[in-house]
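Visitor: My questions will all concern the structure given below.
Here's what the structure looks like:
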């Protein structure tokens, strides 16, 4: 261990005291200034991004990664407007969430306070640098950011804008600390700092998440993969189910709330599947199907590859879909329990009892009844901007907004009350 | 790894499906039956406890440990009545905590679901076996219990009563699984089971907590030590402050919400400290004081040992108190930030501004204004029974009741809504 990350974390922890004492207005103003600085200095940010893109092309990065890495004027504008939205959100801090007067007269309040120092470990997309910093600060936290090496110039340029805003407000730059050397040994060092870091949020692919899970001594909330299912029940409305399928699979296949597996009740399969397979083929989706799916596809003249068991656990993030015909709702639930990732599950049904059984029978972060999997998103669920979608069933489950970056504690006010009467002189 | 704990955890995980589907009435009835079984079979439990006590005496366990280990008829009755109270609490599950209709017509609800499989790792006190099982089941979870070796016969006898109740309700005994071989290698195995265990709660001393923190691959909420402070402000009412001191230090010195350090503003020290030191001496409390404390104690004719820096970080759990005179409220906050354990802090003051500054300036799980530290307890704070007091600033902070053993997830109900209009056929 070089001590490099410990040094950064210690400085961030010192800055935390000042940030925690800011009121809601000052925190909002700081985040607005950050948005302004990004817009003022956008050409610096774009020039830095061009360096990353050149190096990425030279290193042979794939098209999807390059697309996530790329910034242009409209993407910088979107980043700035996301910050303005965060600034404008209601303040989660200092709220009294519950209040009770006890029989002995003490008044008990529950109050939200910041978590403290949050470490964000992420990949490719440079906008996470601005989003994560803004959400952490909104909730009174400080943040240690470790982005991917492919975006290092972009992240440094964005951080420079955020630092300018901190300076303008007379606040320490260390409130947003960037681990500028992206070597993985620094992530390892970071994950050991249990005396300094209150929460680490890894957001990325399997290799990153495994590395963090393996080495973390600090509390971790994972933002892991979405193996999301659509179950088309015997009592589904076929047109609705088709729309949910097409939206879930094709509207943005590269994101975690996209569908990866379609489960179809055997009774509706003959009427639903041929139309579904045709709609998917028309949109360029490769289908990998079970035996019964393939029989129906042959009948409908559509090409379907045989599915392997590994397909059921796959997060394709691409125009590929696994399809399985099941005998019952219970079998659909068993499939989800076995292969799912606790992210998002959808049922298409007009039968209220089936919908309730599906909701009760899954423990994913979001269950949708006749609504698209793509709604599992902070903005769509009314939380505003999100730092990501938690797949850890602790503290926060599903999209995490600023409120999820706080914790409730107890404030008790009395007039000298004690537990044992003899304690009085 | 023997695979012994993995096998237990897999069986518990299977039982979780059945437990999660019980309604609130069935869960309450199960816990009441557990209380009944404990009362019916109390002589078995007491006989087993006598074995543990004999072995403990032979092994030379200290008086405090033996006292925590010891059961008698009234302690078994208290255990049973604690279970009845848990059974009678409002049901935390299935509650819709928030509901919103979005502009597109989808209805978004947040709903509490169980965490799943909770592993409880604890020491000495056998009542934790019954309490933890009841609280986990109340919230729809299953539990893996690993108590201390010194209580193994008592824990097995209590678990037998809990299993009888599960059988009577037609439920699998594996819902409450006891790691009956207390070897520490089994704790190590347990802490690696990240595919099976949703949360581990260690509750015990420094050695246990360090071992868990070092080896855990599963999410952990620590129930760690309480280095609790009373700060007597310049504007304190001296009689009130004395009552808070005596209650906090002497009403039950062996528990985590007892006071360990007294901080006194220099302006009030000459009038407060001599009386405080006399009251402590009268109750057999050994005081370790700073230079200024010792000057005042000599003046008052009371014996005070010099304090060492290590005293400020100590959780004595005994009739010992560290005392320091500070120059200001800010210095008191700096002392707490440096030596505290985020558990409970108390201010005695009649100055509302000082009280607010103290509340804002600490990040402990409970802050008390003119109220005893001993109120940081689930029962006193209105939560009912508690599984312990979390010192981890994530998910739950402070006393954890049944509600803290659940997580909110999203349920979205629509009529076929999609994110991209083109998804409609």
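Protein chains in written order, with our numbering: chain A, 52 to 476; chain B, 52 to 476.
For every residue, glycine included, the Cβ atom is placed at its ideal position computed from N, Cα and C.
#1: What is the DSSP secondary structure of residue 465 (chain B), reduced to helix, strand or coil?
#2: State yes or no: is the beta carbon of residue 474 (chain B) nearer than 8 Å to at least one beta carbon in chain A?
#3: Do you know offhand how far residue 435 (chain B)'s Cα is from residue 429 (chain B)'s?
#4: With residue 467 (chain A) and residue 291 (chain B) assumed to form a contact (beta carbons below 8 Å), what rounded beta-carbon distance in angstroms separates them?
#5: Look at the Cβ atom of residue 230 (chain A), then the Cβ atom of residue 120 (chain A), and state whether they are nearer than 8 Å.
#6: Run through chain A and tell me which residues come within less than 9 Å of residue 270 (chain B), C-beta to C-beta.
#7: Looking at the unbroken alpha helix (DSSP H) that takes in residue 54 (chain A), where does it start and where does it end?
#8: Drop a sphere of 10 angstroms on the beta-carbon of residue 94 (chain B), count the other beta-carbons inside from all chains shown, and report buried for 16 or more, exposed for fewer.
#9: Who are the near neighbours of residue 63 (chain B) in its chain, counting only those whose CB is closer than 6 Å to its CB and skipping five residues on each side?
#10: On the criterion of 16 or more Cβ atoms from any shown chain inside 10 Å, does residue 5 (chain B) qualify as buried, or is it exposed?
#11: Name the residue from A:220, A:469, A:70 and A:394 whose alpha carbon lies nearest to the alpha carbon of residue 277 (chain A).
#12: Could you check what DSSP says for residue 366 (chain A) in three-state terms: helix, strand or coil?
#13: In chain order, what are the residue ranges of uninterrupted alpha helix (DSSP H) at least 4 long that sit wholly in the region 147-220 of chain A?
#14: Could you confirm whether any beta carbon from chain B is found closer than 8 Å to the beta carbon of residue 170 (chain A)?
#15: State the Cα-Cα distance for the pair residue 407 (chain B) and residue 273 (chain A), rounded to the nearest angstrom.
#16: Under 8 Å, do residue 433 (chain B) and residue 151 (chain A) count as touching if we go by C-beta distance?
#17: What's the call for residue 350 (chain A), buried or exposed, on a 16-neighbour Cβ count within 10 Å?
#18: Can you tell which of A:65, A:220, A:199 and A:212 has its C-alpha closest to the C-alpha of residue 237 (chain A)?
#19: Does any CB atom of chain B fall closer than 8 Å to the CB of residue 421 (chain A)?
#20: Between the region 448-455 of chain B and the region 398-413 of chain B, do three or more beta carbon pairs fall short of 8 Å?
#21: Have a look at A:210, A:413, A:243 and A:197 and flag the residue whose alpha-carbon is nearest the alpha-carbon of residue 234 (chain A).
#22: Per DSSP, residue 371 (chain B) is paired with what?
#23: Please classify residue 357 (chain B) as buried or exposed, where buried requires at least 16 neighbouring CB atoms within 10 angstroms.
#24: Between A:187, A:216, A:300 and A:85, which has its C-alpha nearest residue 250 (chain A)'s C-alpha?
#25: Against residue 295 (chain A), what residues of chain B qualify as contacts under a CB-to-CB distance less than 7 Å, listed in chain order?
#26: Measure the CB-CB distance between residue 282 (chain B) and residue 138 (chain B) and report whether it falls below 8 Å.
#27: Identify the continuous beta strand (DSSP E) that holds residue 313 (chain A) and give its terminal residues.
#28: Any idea which residues DSSP pairs residue 228 (chain A) with across the strands?
#29: In chain B, what lies closer than 8 Å to residue 159 (chain A) by C-beta?
#30: Return the first residue and the last residue of the beta strand (DSSP E) that residue 442 (chain B) is part of.
#31: When you compare only the Cα positions, how much space is there between residue 132 (chain B) and residue 140 (chain B)?
#32: Using a threshold of 8 Å, state whether the C-beta atoms of residue 293 (chain B) and residue 330 (chain B) are closer than that.
#33: Assign residue 109 (chain A) to buried or exposed, taking buried as 16 or more other Cβ atoms, counted over all protein chains shown, within 10 Å of its Cβ.
#34: When the cut-off is 8 Å and only beta carbons count, does residue 249 (chain B) lie next to chain A?
#35: How is the beta strand (DSSP E) around residue 100 (chain A) delimited, first residue to last?
#36: Can you tell me the Cα-Cα spacing of residue 207 (chain B) and residue 81 (chain B), whole angstroms?
Guide: A quick look at the data gives this:
#1: strand
#2: yes
#3: 6 Å
#4: 3 Å
#5: no
#6: 270, 271, 272, 443, 444, 445 and 446
#7: No alpha helix (DSSP H) holds residue 54 (chain A); DSSP gives it neither H nor E.
#8: exposed
#9: 168, 193, 195, 225 and 228
#10: What the structure shows of chain B is the stretch from 52 to 476, and residue 5 (chain B) is not part of that stretch, so it cannot be assessed.
#11: A:394
#12: coil
#13: 178-189 and 203-219
#14: no
#15: 36 Å
#16: yes
#17: exposed
#18: A:199
#19: yes
#20: no
#21: A:197
#22: B:337
#23: exposed
#24: A:187
#25: 467 and 469
#26: no
#27: 310-316
#28: A:195
#29: 432 and 433
#30: 439-445
#31: 13 Å
#32: yes
#33: exposed
#34: yes
#35: Element bounds for residue 100 (chain A): not the beta strand (DSSP E) but the alpha helix (DSSP H), 93-109.
#36: 19 Å
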